[in-house]
Amino acid sequence: MKVRSLRMGIIPQVVKAIQEVLEAGADKLAKTTGFVKRQVKVTGSNFSQMLVFGWLSNPDATLEELTQMGAAVGLEITPQGLDQRFTKEASEFMKEILGKAIEQVVQAEPVAVPLLQKFNGVYLKDSTIVTLPDGLKDIWPGSGGGENTSGASLKIEVGIDMLCGKLLGPLLEAGKVTDRGSELHKIELPAGSLRIADLGYWSLNQLEEYSLADVFWLIRAQSQTAIFDTDGKRWELAALAKTQKGDEIDMQVTMGVKKGLSARLVGQRVPPSVAQERRRKLRKAANDEGKTPSQNSLTLCDWVLFVTNVPESMLSLPEVLVLARLRWQIELLFKLWKDHGHLDMSNSAQPYRILCECYAKLVAMVIQHWFLLTSSWRFPDRSFRKAAAAIRQHILHIALAIPDSDALASALYILQRCLAHGCRINKSCQTPRSFQLLLAAENPYP
Numbered sequence: 004m005k006v007r008s009l010r011m012g013i014i015p016q017v018v019k020a021i022q023e024v025l026e027a028g029a030d031k032l033a034k035t036t037g038f039v040k041r042q043v044k045v046t047g048s049n050f051s052q053m054l055v056f057g058w059l060s061n062p063d064a065t066l067e068e069l070t071q072m073g074a075a076v077g078l079e080i081t082p083q084g085l086d087q088r089f090t091k092e093a094s095e096f097m098k099e100i101l102g103k104a105i106e107q108v109v110q111a112e113p114v115a116v117p118l119l120q121k122f123n124g125v126y127l128k129d130s131t132i133v134t135l136p137d138g139l140k141d142i143w144p145g146s147g148g149g150e151n152t153s154g155a156s157l158k159i160e161v162g163i164d165m166l167c168g169k170l171l172g173p174l175l176e177a178g179k180v181t182d183r184g185s186e187l188h189k190i191e192l193p194a195g196s197l198r199i200a201d202l203g204y205w206s207l208n209q210l211e212e213y214s215l216a217d218v219f220w221l222i223r224a225q226s227q228t229a230i231f232d233t234d235g236k237r238w239e240l241a242a243l244a245k246t247q248k249g250d251e252i253d254m255q256v257t258m259g260v261k262k263g264l265s266a267r268l269v270g271q272r273v274p275p276s277v278a279q280e281r282r283r284k285l286r287k288a289a290n291d292e293g294k295t296p297s298q299n300s301l302t303l304c305d306w307v308l309f310v311t312n313v314p315e316s317m318l319s320l321p322e323v324l325v326l327a328r329l330r331w332q333i334e335l336l337f338k339l340w341k342d343h344g345h346l347d348m349s350n351s352a353q354p355y356r357i358l359c360e361c362y363a364k365l366v367a368m369v370i371q372h373w374f375l376l377t378s379s380w381r382f383p384d385r386s387f388r389k390a391a392a393a394i395r396q397h398i399l400h401i402a403l404a405i406p407d408s409d410a411l412a413s414a415l416y417i418l419q420r421c422l423a424h425g426c427r428i429n430k431s432c433q434t435p436r437s438f439q440l441l442l443a444a445e446n447p448y449p
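Under the working numbering, the first residue of the sequence shown carries the number 4, and numbering increases by one thereafter.
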């Protein structure tokens, strides 16, 4: 695969995207949403830059600290004046800014991992929930009822291409929407790409659509789905696993009584200690609900099982297992956004201020991801947490440079050089990390 110069590729993309979202585009959106009705000191560009860069530099920023960032980007406003600006129109404006950010296409050169470069993209998709004040339930209705549910909540859906780093989303849905009914689930993927999914996205219809579109898929095997071997014999997944005398499974099957979707069942027996811990957790979860786990569920604790349409000639069994482990990377992205970016936290109880903050922080996380792509993405052992911490030190410099393309590019080149040093994950000898397994294509379940 031919690799172009990183320096000549990604930074011009980021410069163009940031200016498109937070400069003229923001001023136009401020008027169309009714946030700015006349020529005043508050504009779409300086207001959005104040919030996005204020919370990106400090996710716990107070009104006073936000106004200090505002002064830096040309908006002089008091904390009280800012507080009064958090209106329904302001929240609609920031939501549109997020939509503008999502429209931008920013991606790095393909990471130098041969296993990933077998595909035209390796896509992970998942969602996370942010609980909102009940006063926003008409805008973002939650699931309602029960101790762990809310009258208002926002489902944030994100996809990421692990080859080039491109984000899909974040798309916003009401908290009550299921993963299978999400808009992210409907986004078409390029032919020759690989979709790695967890059971929350299980759908034989969707898997069939992927196959017809020449998209590869890899997903945890669903225990309730009818499976047929090459002789046409029907099996329950647990019963089929139980017949295996060895520690590995790699066989052709068809799935679904009516669908008859061709697939490859791939799996490996886990170490006894892992199986024992799985059974303990399964029994505890069932006991908490006053139930008893089925024998089939207990049997499947011995195995990690996946189904895929990637042929053996393209991926060996160990390679399938290594790629399957990547599905947790999207969880780490959400963890970064929540633990480091405080996406689900606010110092306020005012509904529209919280909504503005949530949208602004999502824009901040998207822009932070663009910054990460300028340098860290090319390193398989990248640490996004370390890089995100380093980025905060450069936010003011970047914010001040936004009006000038050359100055912004210069600021990003400086950031690029800084992120290239020290923002790496340490290797582990006892439990190899995902990047080590990807580079070596080793078995993650020894």
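For every residue, glycine included, the Cβ atom is placed at its ideal position computed from N, Cα and C.
Where the beta strand (DSSP E) through residue i begins and ends
i: residue 158; result: 155-164
i: residue 306; result: 306-311
i: residue 258; result: 251-258
i: residue 178; result: Taken as a continuous stretch (DSSP letters only), residue 178 belongs to no beta strand (DSSP E), as it is neither H nor E.
i: residue 271; result: 264-272
i: residue 197; result: 197-200
Beta-carbon separation (whole angstroms), residue i vs residue j, contact threshold 8 Å
i: residue 130; j: residue 185; result: 7 Å
i: residue 393; j: residue 411; result: In fact, because the Cβ distance is near 18 Å, the residues do not count as touching under 8 Å.
i: residue 135; j: residue 96; result: Between residue 96 and residue 135 the Cβ distance is about 18 Å, and since that is not below 8 Å, they are no contact.
i: residue 256; j: residue 232; result: 6 Å
i: residue 207; j: residue 262; result: 5 Å
i: residue 107; j: residue 229; result: So it is not a contact: roughly 43 Å between Cβ atoms.
i: residue 85; j: residue 70; result: 6 Å
i: residue 72; j: residue 363; result: Wrong, their Cβ atoms sit about 11 Å apart, outside the cutoff.
i: residue 416; j: residue 94; result: Not a contact, Cβ separation roughly 35 Å.
Residue from the options whose Cα sits closest to the Cα of residue i
i: residue 199; options: 144, 325 and 405; result: 325
i: residue 40; options: 392, 280 and 92; result: 92
i: residue 121; options: 68, 107 and 219; result: 219
i: residue 296; options: 34, 228, 283 and 306; result: 283
i: residue 43; options: 30, 53 and 158; result: 30
i: residue 319; options: 175, 178 and 251; result: 251
i: residue 268; options: 280, 291 and 239; result: 239
i: residue 245; options: 222, 233, 132 and 270; result: 270
i: residue 276; options: 304, 253, 256 and 262; result: 304
i: residue 341; options: 214, 34, 133 and 229; result: 133
i: residue 174; options: 396, 164 and 188; result: 188
i: residue 316; options: 299, 329, 253 and 159; result: 253
i: residue 223; options: 330, 115 and 181; result: 330
i: residue 266; options: 210, 321 and 247; result: 210
i: residue 205; options: 213, 225, 194 and 190; result: 225
i: residue 427; options: 407, 380 and 113; result: 380
Collapsed DSSP secondary structure at residue i in the structure displayed
i: residue 23; result: helix
i: residue 64; result: coil
i: residue 238; result: strand
i: residue 411; result: helix
i: residue 172; result: strand
i: residue 248; result: coil
i: residue 127; result: strand
i: residue 41; result: coil
i: residue 135; result: strand
i: residue 231; result: strand
i: residue 10; result: A caution first: residue 10 carries a pLDDT of 37, below 50, which makes its placement in the model too unreliable to give a value.
i: residue 354; result: helix
i: residue 18; result: helix
i: residue 275; result: helix
Cβ pair residue i, residue j closer than 9 Å
i: residue 336; j: residue 55; result: no
i: residue 171; j: residue 109; result: no
i: residue 382; j: residue 418; result: no
i: residue 425; j: residue 389; result: yes
i: residue 51; j: residue 366; result: yes
i: residue 63; j: residue 350; result: yes
i: residue 192; j: residue 126; result: yes
i: residue 376; j: residue 45; result: no
i: residue 25; j: residue 333; result: no
i: residue 156; j: residue 178; result: yes
i: residue 273; j: residue 307; result: yes
i: residue 166; j: residue 371; result: no
Residue interval of the alpha helix (DSSP H) (run including residue i)
i: residue 321; result: 320-328
i: residue 86; result: 82-88
i: residue 223; result: Not the alpha helix (DSSP H): residue 223 falls in the beta strand (DSSP E), residues 219-223.
i: residue 333; result: 332-338
i: residue 116; result: Careful: residue 116 lies outside any alpha helix (DSSP H) and carries neither H nor E.
i: residue 96; result: 91-106
i: residue 453; result: Past the edges of the chain, shown from 4 to 449, lies residue 453, and the structure says nothing about it.
i: residue 209; result: 207-215
i: residue 298; result: 298-303
Closer than 8 Å: residue i CB and nearest the ligand SAM heavy atom
i: residue 36; result: This structure simply doesn't include the ligand SAM, nor any ligand for that matter.
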